[in-house]
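Sequence order for the protein chains is A and B. Each residue of the first sequence is one higher than the last, beginning at 11 in our numbering. Each residue of the second sequence is one higher than the last, beginning at 3 in our numbering.
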Amino acid sequence: MRRIISVLMENEPGALSRIIGLFSQRAYNVDSLCVAPIDDSSLSRLTITTQGDDKVIEQITKQVNKLIDVLKISDLTEGSHVERELMLVKVGTRNENSRAEVKRTVEIFRGKIVDVTPKNYTIELTGTSDKLDAFVQTIGQTGEIIELSRTGVCGLSRGEKAMRP
Amino acid sequence: MPVCAIPIQPIKLMGVFLVEMMSGAAMVVRALKDVGVKHVFGYPGGAVLDIYDALYAQEDVQHILVRHEQAAAHMADGYARATGQTGTVLVTSGPGATNTITGIATAYMDSIPMVVLSGQVPSMHIGEDAFQETDMVGCSRPIVKHSFLVKRAIDIPEAIAKAYYIANSGRPGPVVVDLPKDTVNVQENHPYRFPEKVQMRSYNPTIKGHLGQIKKALKVLLKAKRPIVYVGGGAIACDASPLVTELAEKLKLPVTNTLMGLGAFPGDHPQFLGMLGMHGTVQANKTMHNADCILALGARFDDRVTNNVQKFCPHAQIIHVDIDPASISKTINVHIPVVGSVKTVLTQFFEQMHEIDENERKDQLHDWWEQIEAWRSRDCLAYAKDSGLIKPQQVIESLYKHTQGDAFITSDVGQHQMFAALYYPFAKPRRWINSGGLGTMGFGLPAAMGVQVAHPDAVVACVTGDGSIQMNIQELATCLQYGMPVKIISLNNRALGMVRQWQDMNYKGRHSHSYMDSLPDFVKLTEAYGHVGIKVEKPEELDDAMARCFALKDKLVFMDIAVDQNEHVYPMQIKYGAMDDMRLSKTERS
Ligand SMILES: Cc1ncc(C[n+]2csc(CCOP(=O)(O)OP(=O)(O)O)c2C)c(N)n1
Ligand SMILES: [Mg+2]
Chain A
11 MRRIISVLME NEPGALSRII GLFSQRAYNV DSLCVAPIDD SSLSRLTITT QGDDKVIEQI
71 TKQVNKLIDV LKISDLTEGS HVERELMLVK VGTRNENSRA EVKRTVEIFR GKIVDVTPKN
131 YTIELTGTSD KLDAFVQTIG QTGEIIELSR TGVCGLSRGE KAMRP
Chain B
3 MPVCAIPIQP IKLMGVFLVE MMSGAAMVVR ALKDVGVKHV FGYPGGAVLD IYDALYAQED
63 VQHILVRHEQ AAAHMADGYA RATGQTGTVL VTSGPGATNT ITGIATAYMD SIPMVVLSGQ
123 VPSMHIGEDA FQETDMVGCS RPIVKHSFLV KRAIDIPEAI AKAYYIANSG RPGPVVVDLP
183 KDTVNVQENH PYRFPEKVQM RSYNPTIKGH LGQIKKALKV LLKAKRPIVY VGGGAIACDA
243 SPLVTELAEK LKLPVTNTLM GLGAFPGDHP QFLGMLGMHG TVQANKTMHN ADCILALGAR
303 FDDRVTNNVQ KFCPHAQIIH VDIDPASISK TINVHIPVVG SVKTVLTQFF EQMHEIDENE
363 RKDQLHDWWE QIEAWRSRDC LAYAKDSGLI KPQQVIESLY KHTQGDAFIT SDVGQHQMFA
423 ALYYPFAKPR RWINSGGLGT MGFGLPAAMG VQVAHPDAVV ACVTGDGSIQ MNIQELATCL
483 QYGMPVKIIS LNNRALGMVR QWQDMNYKGR HSHSYMDSLP DFVKLTEAYG HVGIKVEKPE
543 ELDDAMARCF ALKDKLVFMD IAVDQNEHVY PMQIKYGAMD DMRLSKTERS
């Protein structure tokens, strides 16, 4: 099962490598990973999407929490949550027809064209991973994907629930 | 909570506050003193020459010069196991640092508090593949509790204070402090501020158990008709032995110790069933398997204990007390987890327990004890003595006799280790010192040396094998330099016995590379190092030789004892079976 795990940790050199190391050392999956400092810049928030049954997720949570640099950890998928991922994709457009088709698809998916050349568009799209996947599939039929880059998932719990130091 | 509030400890002089100025190297030594470190095991080299200079001509911290950095780590480890105090290692960058890796991993697997101070190339050269540069923080990452790469000299006291705090709190473990050469430069002085108290917002181990869980646990434990207490190294780490004994005696509970827990509950106590697990006793494994309630105290359901987890103790409600939440329900699902130190949680147990009627307890467990005694009466540790050869078991029994069961015994890894664990009933904690988790051959001798440094007047013996002893034999020189009268009891079977045993059992006796064809003359070798060697070849010589060995109180003695090469360690669990599926000898099964 897909899980989104959020980690609040000291923003210190080495902290990230400890988490990554733990995942490979204990043979846990990492599907995506997204990390940046928060409002209090002495802390970083890291979001990992991973796969595993309840037992595996429980172990991941405990092992990550055991790392000295880690303050808090929570499994966002346990409750209702908001998740977003950002993608930039450069699409080649063979002719006017294809250019129009790409533009229309971008509009339908509420994306943005952020760079334009006569031969391609660079598109920005935000949403759930599923939406991004769907967009990639659709756009691949109308234009030619030259390159793409995704940030990985970041997320927060809905409502009052929050992860604070 | 504040971010590591570190108050300055200023010195007041004529109404003015002064902060002491010193070099980074001097800070290292001074911080060690302020932490309370008395002994450092180390080996010098380019990156740590400044620190070695600061160690010169001072008496606060005594340095013991080893012959190989791996041994320095094992010495610090043995020192820590025998005392509960953090062991300290000091090595240079590159090869000095990487040589400690096996020692760090050994300490990590057994949760031993240790701090390794490693030199590093100057900060400005990190990443350039400079001479003797290795990424020590990276190399050691999977086998440390935490690590620090110090960036500035003024950060040294705080890093060292934190390192010791982390190493010896919560579930203990090794911590690496990597010190780039420029941070310890003796030419530059900086203000020295040692933190009065270490506080970390991201690290707050749970010591006290959850009251609700404790009440639940007690209810199940007191109701149980077939209970057992399963005690591991965690009970020793927090010095909970007296409480374990009190609980067991009060409730008339049978007790088994893990390999790491030997001595946590007295080995000579009538309620003790012996060690459990792969080479555990029949009564311990049977009692576990048939129990309706298992109280696990600081033990981690290791695969060398459980055998096949699918068949593990099918009738038991499991209560697991452990300071590390990640150890709970890792391999075996437990019913009542209690996170906390065994010592504190047992204290809470007693607070919650109403008056116990001893006779009522006896009645309640009468049938259970009767069953246990029936299992015990099989005497699974009996062995044949008729071969005209010295039996390894006999050596351990003789060792027990000549040390009155009161020595510190370290061991290496192999058959001799299991014989020592089974045939020397440890009455006290911290007396049995072995590499349980990693199974590191070469651990025994340096560990014994570390114990001897901690307890200069104690009797310290290292039970070893002809294979293991050769993995750190160079330390005989260190023993001479510092006058360490360690007794080496080498069970010489001219073989990598444990490997050979598995080959006998699982590979049709094909002894692929498990024999030692050109052993040195250990007596001569020991003499060359300036010590005493004694060779023993006949059963009838054993006792006298052992007596001679322990009479030489101030000498290191190497006992090279020729033992029966064909002896196997029994009992032994049968692979993929339940806990109590065991071989009792080459032909019998449980
Ligand atoms: C460093 C290391 N290498 C290999 C092993 C695998 N191993 C376990 S026991 C053993 C044989 C030990 O031989 P010896 O020290 O003579 O003890 P014996 O079993 O003969 O009593 C070996 C090779 C190990 N535990 N540690
Ligand atoms: Mg041997």
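Even for Gly, the Cβ is constructed at its ideal location relative to N, Cα and C.
Within chain B, partners of residue i - CB distance below 7 Å
{"i": "residue 175 (chain A)", "result": "203"}
{"i": "residue 111 (chain A)", "result": "Near residue 111 (chain A) there are no residues of chain B at all, since even the closest Cβ is about 48 Å away, more than 7 Å."}
Where residue i sits in the DSSP three-state scheme
{"i": "residue 55 (chain A)", "result": "strand"}
{"i": "residue 412 (chain B)", "result": "strand"}
{"i": "residue 384 (chain B)", "result": "coil"}
{"i": "residue 136 (chain B)", "result": "coil"}
{"i": "residue 217 (chain B)", "result": "helix"}
{"i": "residue 5 (chain B)", "result": "Here the model assigns residue 5 (chain B) a pLDDT of 41, short of 50, so the residue's position is not dependable, and the following value carries that caveat. If DSSP states are grouped into helix, strand and coil, residue 5 (chain B) belongs with coil."}
{"i": "residue 86 (chain B)", "result": "coil"}
{"i": "residue 196 (chain B)", "result": "coil"}
{"i": "residue 60 (chain A)", "result": "strand"}
{"i": "residue 91 (chain A)", "result": "strand"}
Proximal chain A residues relative to residue i, where beta-carbon distance stays under 7 Å
{"i": "residue 139 (chain B)", "result": "24"}
{"i": "residue 148 (chain B)", "result": "78"}
Cut-off 8 Å between Cβ atoms - residues of its own chain near residue i, not counting five sequence neighbours on either side
{"i": "residue 93 (chain B)", "result": "44, 45, 47, 50, 71, 74, 99, 101, 102, 118, 119, 120, 121"}
{"i": "residue 32 (chain A)", "result": "38, 73, 74, 77"}
{"i": "residue 297 (chain B)", "result": "219, 223, 229, 230, 231, 232, 255, 321, 323"}
{"i": "residue 377 (chain B)", "result": "284, 285, 288, 289"}
{"i": "residue 4 (chain B)", "result": "Only weak support is given to the placement of residue 4 (chain B): the predicted model assigns it a pLDDT of 38, under 50, and the value that follows is read from those uncertain coordinates. Closer than 8 Å at the Cβ level, and outside the excluded window around residue 4 (chain B), lie 201, 203."}
{"i": "residue 505 (chain B)", "result": "511, 512, 513, 514, 516"}
Contact set for residue i: own chain, Cβ-Cβ below 7 Å, skip 5 residues either direction
{"i": "residue 254 (chain B)", "result": "363, 364, 367"}
{"i": "residue 351 (chain B)", "result": "216, 220, 249"}
{"i": "residue 500 (chain B)", "result": "416, 417"}
Minimum Cβ-Cβ distance from residue i to chain B less than 8 Å
{"i": "residue 177 (chain A)", "result": "For chain A, the structure presents residues 11 to 175; residue 177 (chain A) sits outside this window and is missing."}
{"i": "residue 28 (chain A)", "result": "yes"}
{"i": "residue 81 (chain A)", "result": "yes"}
{"i": "residue 100 (chain A)", "result": "no"}
{"i": "residue 67 (chain A)", "result": "no"}
{"i": "residue 88 (chain A)", "result": "no"}
{"i": "residue 202 (chain A)", "result": "The requested residue 202 (chain A) is not part of the displayed model; chain A covers only 11 to 175."}
{"i": "residue 172 (chain A)", "result": "no"}
{"i": "residue 93 (chain A)", "result": "no"}
{"i": "residue 117 (chain A)", "result": "no"}
{"i": "residue 20 (chain A)", "result": "yes"}
Contacts of residue i in chain A (Cβ-Cβ under 8 Å)
{"i": "residue 199 (chain B)", "result": "Those do not exist, as residue 199 (chain B) stays about 17 Å from chain A at its closest Cβ, beyond 8 Å."}
{"i": "residue 322 (chain B)", "result": "What residue 322 (chain B) touches in chain A: nothing, since even the nearest Cβ is about 13 Å away."}
Where residue i meets chain B, residues with beta-carbon distance less than 8 Å
{"i": "residue 35 (chain A)", "result": "144"}
{"i": "residue 151 (chain A)", "result": "Here the premise fails: no neighbours, minimum Cβ distance about 45 Å."}
{"i": "residue 73 (chain A)", "result": "328"}
Sequence-distant residues of the same chain with beta carbon closer than 6 Å to residue i, five excluded per side
{"i": "residue 136 (chain A)", "result": "94, 96"}
{"i": "residue 443 (chain B)", "result": "414, 415, 470, 473"}
{"i": "residue 76 (chain B)", "result": "105, 445, 448, 449"}
{"i": "residue 528 (chain B)", "result": "535, 560"}
{"i": "residue 454 (chain B)", "result": "462, 486, 488"}
{"i": "residue 10 (chain B)", "result": "Summary for residue 10 (chain B): the model assigns pLDDT 45, below 50, so the residue's position carries little reliability; its value from the coordinates is reported in the next sentence. Excluding residues within five positions, the ones whose Cβ falls inside 6 Å are 195."}
{"i": "residue 48 (chain A)", "result": "55"}
Within-8 Å CB hit, residue i to chain A
{"i": "residue 343 (chain B)", "result": "no"}
{"i": "residue 181 (chain B)", "result": "no"}
{"i": "residue 317 (chain B)", "result": "no"}
{"i": "residue 212 (chain B)", "result": "no"}
{"i": "residue 326 (chain B)", "result": "yes"}
{"i": "residue 151 (chain B)", "result": "yes"}
{"i": "residue 6 (chain B)", "result": "Only weak support exists for where residue 6 (chain B) lies, its pLDDT of 42 falling under 50; the coordinates are left without a value."}
{"i": "residue 331 (chain B)", "result": "yes"}
{"i": "residue 168 (chain B)", "result": "yes"}
Residue i: contacting residues in chain B (beta-carbon distance under 9 Å)
{"i": "residue 157 (chain A)", "result": "Those within 9 Å of residue 157 (chain A) in chain B number zero; the least Cβ separation is about 29 Å."}
beta-carbon residue i near ligand 4 non-hydrogen atom, thresh 7 Å
{"i": "residue 416 (chain B)", "result": "For ligand 4, the structure offers nothing, since it holds only ligand 1 and ligand 2."}
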